[in-house]
Every structure is written in structure tokens, then in C-alpha cells.
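I have placed the structure first, in the form of C-alpha cells, so that the comments after it can refer back to it.
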Amino acid sequence: QLPAGKPKIIARPYTSASYDIPPTDTLGSDGNNAFSNDNILRHISSKEDIMKELALLYVRKKLSLSAVGAIAKLIVALGHDIPIDPRTILQTTNTPIRNKSFHHFSLKNGLLQKLKKGMIGSGNLTIKCQINIDGTPVFKTNSVDLWPILCRVVNSLDSSPFVISIFAGKGKPPSLEEYLRPFLTEMIQLQSEGVEFESKCYSVEIISFVCDAPARQFLKVITGHGGYGGCERCSQTGVFDPVYHCMTFPELVDISLRTDDTFRYQ
Numbered sequence: 367q368l369p370a371g372k373p374k375i376i377a378r379p380y381t382s383a384s385y386d387i388p389p390t391d392t393l394g395s396d397g398n399n400a401f402s403n404d405n406i407l408r409h410i411s412s413k414e415d416i417m418k419e420l421a422l423l424y425v426r427k428k429l430s431l432s433a434v435g436a437i438a439k440l441i442v443a444l445g446h447d448i449p450i451d452p453r454t455i456l457q458t459t460n461t462p463i464r465n466k467s468f469h470h471f472s473l474k475n476g477l478l479q480k481l482k483k484g485m486i487g488s489g490n491l492t493i494k495c496q497i498n499i500d501g502t503p504v505f506k507t508n509s510v511d512l513w514p515i516l517c518r519v520v521n522s523l524d525s526s527p528f529v530i531s532i533f534a535g536k537g538k539p540p541s542l543e544e545y546l547r548p549f550l551t552e553m554i555q556l557q558s559e560g561v562e563f564e565s566k567c568y569s570v571e572i573i574s575f576v577c578d579a580p581a582r583q584f585l586k587v588i589t590g591h592g593g594y595g596g597c598e599r600c601s602q603t604g605v606f607d608p609v610y611h612c613m614t615f616p617e618l619v620d621i622s623l624r625t626d627d628t629f630r631y632q
């Protein structure tokens, strides 16, 4: 319980599988609620309640992390004992992958945000996704790379990409299975069950993966384009050019193209 005589913080009801917080229709002394126009309000009476409401405000009001931290400092100034680090308040956790950092956000939540913006074409009940995976250095002065998994809904009115998962560490993710598993598990589930929004069920379809050559090599676990047998389209071995120090694939006719079977069992 909060110490006696200290102001109570009022916010809208919140339900969670981890918290059983009963609503109340009691207003503050001024009869207003700064965070909601709802008539059903409740008094916050514990440190956990304050943290949960701050997390809720962060999502609903699209606050920045610095804003959450500033609000937390004001609450602490009033005499309440809560963390001032927004990461602690939001309970942001990273999953280590062999001493690296990895975080899976949510594919479904990102798709729901795009559905709220509207879809191209009336009666369109298919969410068409482009998936992009690529690595990029964070700074020029160190070796930390970011490997985000991005999604772009091509038939949404807002087709800007959003992050599904992200890896941070030196070089590529050391385990392809651990890197892709959360995304693949969620995608398989969404393709099986669909996404429900405003009493409609939308199917989810991947139309393409957009990756450069090094990323394709990493994802397919194949020889790079600079190695022998590195062509993704045909089965020719290739010829190394000692003058230009590069691999060439000079055969242009009567080439045996790769098939799904030859690729899988090569």
C-alpha cells in the first residue's frame, strides 16, 4: 500500500493474465482523470500497479522511453518507490543467443497496426508480407552488427516496414535456428489461424523474401556467390579468374538449372 497522505494516481482499468486488478468507479478529488475519458476508473495502490499503468500509457499514448523515465522521476519525487529506468518499468527483456542479444517483438502486433491504418481494396482479407533480413554495422568504430527481421505489408495503406525480431552482436547470429525460430513459429501459427480484426479474419501470406547475396547465403546455408558452386540458379561449378581475383560462371547455354530437389540434396 502507498504511504498515507500521499496523492493517489488514477488511471483506466487494466486486465492481465498476471495481474488481477479490480476496477473502481471512484474518481479523484477533482473528479478528473488525466489519462482517460472513461468513467470506470480505479485507484492505484501499489508499486506494481504504478509500473503496469506506466507501461500501459507507453503503449497507448506512444510515449518515448525518455518520457516514461521523466514521468517515473516525477512519481518518485512525490515519495513513491518505483524504478526510474524505463526499461525496468516496461520489463523489456532480451534473450541471449550465445552471449549475444536477441529480441523478438511480435509479428501479429505489427500486422494489427497495419490493419488499423486500412488495406488497399475493399473486401481484401489477405495480408501480403514481404520479409527482409539483412545485417548492418551500428558504428564505424566497433564491430557490433544489427540483424533485424523486417516485415512490409505491401497491400496496406501504410506499407512502411516494421521490426519483427532483431539480433545485435559481433558478426552474424551464431545460430540460424535460434535466430529464425520465434519468427517462423509465429508465422506458421498466423498462417494457420489467421489474424482477427474488427470481426474479420485475415489470412497471412509471404509473397517474397528481400535479401542481398550474403544474407541469402546465411539463410539458405549455402556457398557464397564468390565460391565454387556458388550460383543459386544453376549447377555449374564456376571458374576462378586469377587476373581479377573473382569467381566467374562463363557457361551461358545448355546449363543445368537448380531444382528444389537438387538444391535440397546437393
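Counting from 367, one number per residue, gives the positions in the sequence shown under this note's numbering. The C-beta atom is built at its ideal place from N, Cα and C for all residues, glycine as well.
Under the rule that 16 or more other beta-carbon atoms within 10 Å means buried, what is residue i, buried or exposed?
i    : result
K566 : exposed
F505 : exposed
D415 : buried
F533 : buried
R518 : buried
H611 : exposed
V619 : exposed
L550 : exposed
I554 : exposed
L623 : exposed
L556 : buried
I486 : exposed
A438 : buried
K418 : buried
V434 : buried
Going by C-alpha distance, which of the options is nearest residue i?
i    : options                : result
T628 : E617, P539, G595, C612 : G595
L420 : T454, K586, L473       : T454
L431 : T625, D451, D447, G445 : D451
G537 : P503, L473, E562       : P503
V570 : E544, F505, L491       : L491
G484 : F606, G592, D578, Y568 : Y568
V587 : S541, K418, M417, N498 : S541
S635 : D620, G501, A436, G476 : The first residue shown for the chain is 367 and the last is 632, placing residue 635 beyond what the model contains.
K480 : A438, T625, L523       : L523
G501 : R599, V434, D626, A579 : A579
F563 : K474, V529, N521, R624 : K474
N508 : G535, I493, V520       : G535
H469 : R547, S488, V434, Q602 : R547
L516 : A443, R624, S472       : S472
L512 : I486, K482, S467, D626 : S467
V510 : D626, P539, E598, R426 : P539
Might you give, ordered along the chain, the residues of its own chain that have their beta carbon closer than 6 Å to the beta carbon of residue i, omitting 5 neighbours on each side?
i    : result
Q583 : G590
F674 : Since the displayed the chain opens at 367 and closes at 632, residue 674 lies outside it and no answer follows.
P514 : V529, I532
A581 : I499, D500
May I ask you to report which of helix, strand or coil DSSP gives residue i?
i    : result
V520 : coil
T628 : helix
T392 : Any answer about T392 is weak, because its pLDDT of 34 lies below 50 and its placement is not dependable; what the coordinates show is given next. Coil at T392, not helix or strand.
V510 : strand
I499 : strand
I437 : helix
V529 : strand
G445 : coil
I455 : helix
I416 : helix
S488 : coil
S637 : Since the displayed the chain opens at 367 and closes at 632, residue 637 lies outside it and no answer follows.
K636 : In the structure displayed, the chain extends from 367 to 632; residue 636 sits before or after that span and is not available.
L407 : With a pLDDT of 38 at L407, under the threshold of 50, the modelled position of this residue cannot be trusted, and the question is left open.
Closer than 8 Å by C-beta to residue i: which residues in its own chain qualify, once you throw out the five before and the five after it? Chain order, please.
i    : result
M613 : H591, G592, G593, Y594, G596, G604, V605, F606, D607
C577 : N498, I499, D500, L585
S558 : none
V520 : K494, C495, Q496, I573
K413 : H446, D447, I448
G560 : C567, Y568, S569, V570
V442 : I448, I450
Tell me which same chain residues have a C-beta within less than 7 Å of the C-beta of residue i, skipping the five on either side of it?
i    : result
P616 : V605
Q602 : F615, E617, I621
L429 : L423
R599 : L623, R624
query = What are the uninterrupted segments assigned as alpha helix (DSSP H) that are 4 or more residues long and contained completely in the region 568-631, given in chain order?
reply = 579-586, 626-630
task = For the region 537-569, list the beta strand (DSSP E) runs that are entirely contained and at least 3 residues long, ordered along the chain.
result = 561-563
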